[in-house]
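Quick note on numbering: numbering that gives the first Met the number 0 labels position 45 of the sequence shown as 44, and the sequence is numbered without any gaps. Don't be surprised by glycine CBs; every beta carbon is placed ideally from N, CA and C.
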Amino acid sequence: MPRRHCSVFTWYQLAKVDGSVLVANGPVADLLPVVTCLGVTIDQELAFADHIRRLTGRCFHCLRQLRSIRRMLTTDTIITLVNTLVVSRIDYCNAVLAGVHDVHLRPLQAVLNAAARLIVRKRHSVLAANGTACAIQTLRAGI
């Protein structure tokens with residue numbers, strides 16, 4: 000039975016390799032610039048920029064929908080809906096984002112801040128930093 004090997008490359012080694020074509024025992028395989036696995040979009044640089052962009056778009060869409068019906072809901076109901084529709088999306092497969100630069104994570108923080116503002120019924124310009132911190136604690140307590 001043939002033995003299979005798996006190699007892990009460093010960033011320095013990967014920078015030397017042509018990332019568009021892979022040759023293994025003769026056949027040529029074209030490599031894709033982006034792959035989606037279990038709902039996580041993985042790019043060649045492992046920056047997850049496309050995944051974060053799509054995720055924040057979905058989360059902001061949910062927040063806009065919730066904002067339109069906010070007046071009809073109690074605070075407990077809105078906390079439950081935000082946790083279910085927004086926070087759970089961010090928490091799903093968030094371990095892959097460990098080590099990603101802060102520049103790429105800022106949109107996710109913006110989603111959480113918008114969710115906190117929705118819960119405490121404040122506009123972006125009105126909410127102070129301590130109000131956001133209280134609302135984020137409320138989000139975490141609701142999970």
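Asked, Found
"Uninterrupted alpha helix (DSSP H) stretches inside the segment 53–99 (no shorter than 4 residues)", "74–81, 87–90"
"Bridge-paired residues (DSSP) for Asp42", "Val33"
"Same chain only: Cβ atoms within 8 Å of Leu104, ignoring 5 sequence neighbours per side", "Ile51, Leu96"
"Rounded separation between Val81 and Ala114 - CA only", "7 Å"
"Spatial neighbours of Met71 in its chain, beta-carbon cut-off 8 Å, leaving aside the 5 residues before and after", "none"
"As assigned by DSSP and simplified to three states, the class of Arg2", "Reliability fails at Arg2, whose pLDDT of 47 lies under 50, so the model's placement of it is uncertain and the value that follows must be treated cautiously. Of the three classes helix, strand and coil, the one that applies to Arg2 here is coil, per DSSP."
"Arg122, DSSP secondary structure in three states", "coil"
"Distance CB(Arg88)-CB(Leu117) smaller than 8 Å", "no"
"Proximity test, Cβ basis, 8 Å: Gly98 and chain D", "No chain D appears in this structure, which consists of one protein chain only."
"Buried or exposed (CB count within 10 angstroms, at least 16 for buried), Arg122", "exposed"
"Neighbourhood of Leu62 by C-beta, 7 Å cutoff - its chain only, sequence neighbours within 5 removed", "Val85, Ala113, Ala114, Leu117"
"CB of Phe59 within 8 Å of CB of Val110, strictly", "yes"
"Sub-8 Å separation of Val39 and Asp49 beta-carbons", "no"
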